[in-house]
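Positions -39 to -1, 1 to 402 (mature numbering (1 follows the signal peptide of the UniProt record, and there is no 0)) are the ones given, in order, by the sequence shown. A virtual CB, placed ideally from N, CA and C, is assigned to each residue, including glycine.
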Amino acid sequence: MKHRGRHRRRRRGRALRAALAGTALALTAAATMISTSQATDADDPGALEPLTASAETAPLRLTEHEVPRDWLDRLSSGTGGPVGVGAVLADPDGALRDAEDCPADDRRALPVEPAATRAYCWTGTDTDGWRSGAVTTSGDADDDGRWGEHRVILSGWSHEGTQDAEDAEAQGGTAAVGRGLARVAFVDAGDPAALRYTWVLLAVPVEGGRDYRGLASPVSGMVWYQDKLLVTAGRGESGALYVYDVDQVLRATVDGLPVGRVPGGWSAAGARYVLPAVASYRTAGADAPRPGGISLDRSTAPDSLVAHEAVPEDHDGPTRLWRYAFSDAPDRAGLLATDPVSRADAVEAYETELTDVRSVLSHRSGWYLGRMTGTPDERGSLWRQDTDGARPTRCGADETHRCWSGRAASLSYWQGTGEVWSQSGRTLFALPLASVDRSLD
């Protein structure tokens, strides 16, 4: 029986690779037809420019603010206490489909070059009205790539409506779904042939922990490090980053659209689980840059969080990149290194002439930057940049470097497997970082 199962998995793996290869060939042909108009897109941005003057780095400073312990205890007690990641994974809402079973529109979101080696898609009914965002994994969380006994992918989603945090709080934490909420799919990735997921709503405690409101922000960046999940916060929120403890997931006891305390219990916009923030990091002023995409870099000592600046679509550059060190203090697991007055300073900062940056990854000396151009239906580009210069991935022998997915909004490196995970539209995919390096011009 074991041998027959292994043969079936091999056949399925070959079929998946063939399907992905066929998609890549079709996309390469499409890219070739439009290469003439795209070959000059994003001329060489050159080398990264270090930022070293205090006037340049001071605006990157963050101040850490903890949610009061009694607030968290009160909220936990009122909802019946926390559950672990394993309990969430054991209670799935649905399953992802392999790429070979996904609609053609979803497969078109895959990069042309380098090609994805693993790909999945979400069902339309479960994601209608929601926009995919950042990805992080248990490969970020722990050296062995597991959380307990589980291999896990966290996939961030934001509702395409909007709502200010103040407006949500004014409604007593009972904002209806469809108003800019954020949620995370906890994906059980233990069996690559059968990925299952559970929705968890991201929330912020209010009223002294007697209630919670939804996080009103797009999930453009997300990093799971040790037991903490760091999530970017938009301008409508009071922080640049919100911090969550993955071991403090709470159960929603009422199935409904409101968010927060309701007659008879607790509701989470249709999700059965909710994750309340335990801290936030705030910038120094209204004009300070805010992180857009973030990712974990395990090639530094200590491990570090890297970020690119969130800028409007008409921003013509330059774009700032920077990193913060994680704390190595035993009582500050998953938090940034701070000074005695709870400030986290950037330990490294650069400017890039590359515009429309939507994702960032740093590994060793290289910074990998995903660039979106035009509309979400157009292909983006993926660059590797350092202090010596910049190189894009290219579509085979063709001149164009619009080979990346146009809507990919995240890069997350799973060090144990050597894979980079990303998400574009309803498609979740992975490919080796080594294949990215081989595709550089």
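Query	Result
Between which residues of its own chain and V239 is the CB-CB distance below 6 Å, once the five residues before and five after are set aside?	V28, V204 and D206
State the start and end residues of the unbroken alpha helix (DSSP H) segment that holds L394.	L394 to R399
What's the gap between the Cα of R325 and the Cα of P153?	28 Å
Quick check on S178: does DSSP put it in helix, strand or coil?	coil
Quick check on DSSP: helix, strand or coil for P291?	helix
With a threshold of 16 other CB atoms inside 10 Å of the CB of D208, please say whether the residue is buried or exposed.	exposed
On the three-state DSSP scale, how would you describe R35?	helix
State the beta-bridge partners of S342 as determined by DSSP.	R332
Using DSSP's beta-bridge definition, name the partner residues of R92.	S119
Are the beta-carbon atoms of G109 and S181 separated by less than 7 Å?	no
From S178 to V235, what distance separates their C-alpha atoms?	16 Å
Using only alpha-carbon positions, find the residue among D52, T18, V49 and R79 that is nearest to S383.	R79
Just verifying my parser: in three-state terms, what is the DSSP assignment at E314?	coil
Alpha carbon to alpha carbon, how far is L163 from L282?	26 Å
Opposite G226 in the DSSP bridges: which residues?	V223
Whole angstroms are fine: how far does the CA of L296 sit from the CA of Y81?	31 Å
Identify whether V73 lies in helix, strand or coil by the three-state DSSP scheme.	coil
Measure from the alpha carbon of A155 to the alpha carbon of each residue in V113, T299 and P75, then state which is nearest.	V113
Please state the DSSP three-state secondary structure of residue 406.	Any question about residue 406 goes unanswered here, given that the chain covers just -39 to 402.
In three-state terms, what does DSSP make of T40?	helix
Got a sec? Which residues, its chain only, sit under 6 Å from W185 by beta carbon, not counting five neighbours each side?	T97, D101, A102 and L115
Would L9 and T313 be called neighbours here (beta carbons separated by less than 7 Å)?	yes
Check whether the region 212 to 228 and the region 65 to 78 touch, using three or more Cβ-Cβ pairs below 8 Å as the test.	no
Report the residue from P252, L266, G254 and E168 whose alpha carbon sits nearest the alpha carbon of Q187.	L266
Specify, as a first and last residue, the run of the beta strand (DSSP E) that T261 falls within.	Neither: T261 is in no beta strand (DSSP E) and is coded neither H nor E.
For the region 7 to 27 against the region 245 to 261, are there 3 or more C-beta pairs whose distance is under 8 Å?	yes
Opposite A155 in the DSSP bridges: which residues?	None, per the DSSP bridge assignment.
Between the beta-carbon of G377 and the beta-carbon of G90, is there less than 7 Å?	no
Could you pull out every residue in the same chain whose Cβ sits closer than 7 Å to the Cβ of G200, ignoring the five residues on either side in sequence?	A194, S241, Y242 and R243
Hey, does L12 have any beta-carbon neighbour from chain D nearer than 7 Å?	In the displayed structure, chain D is absent; only one protein chain is listed.
List the endpoints of the continuous beta strand (DSSP E) containing D149.	A143 to D149
Considering Cα atoms alone, identify which of P72, T361, L322 and R355 is closest to D347.	L322
Give the range of the beta strand (DSSP E) segment to which L191 is assigned.	K189 to T193
Using a Cβ-Cβ cut-off of 7 Å (strictly less than) and excluding sequence neighbours within five positions of T135, which residues of its own chain qualify?	Caution is warranted here: a pLDDT of 39 is assigned to T135, below 50, making its placement in the model unreliable, and no coordinate value can be reported.
Flag this pair as yes or no: are the beta carbons of A146 and S119 separated by less than 7 Å?	no
Report the three-state DSSP secondary structure of Q384 (helix, strand or coil).	strand
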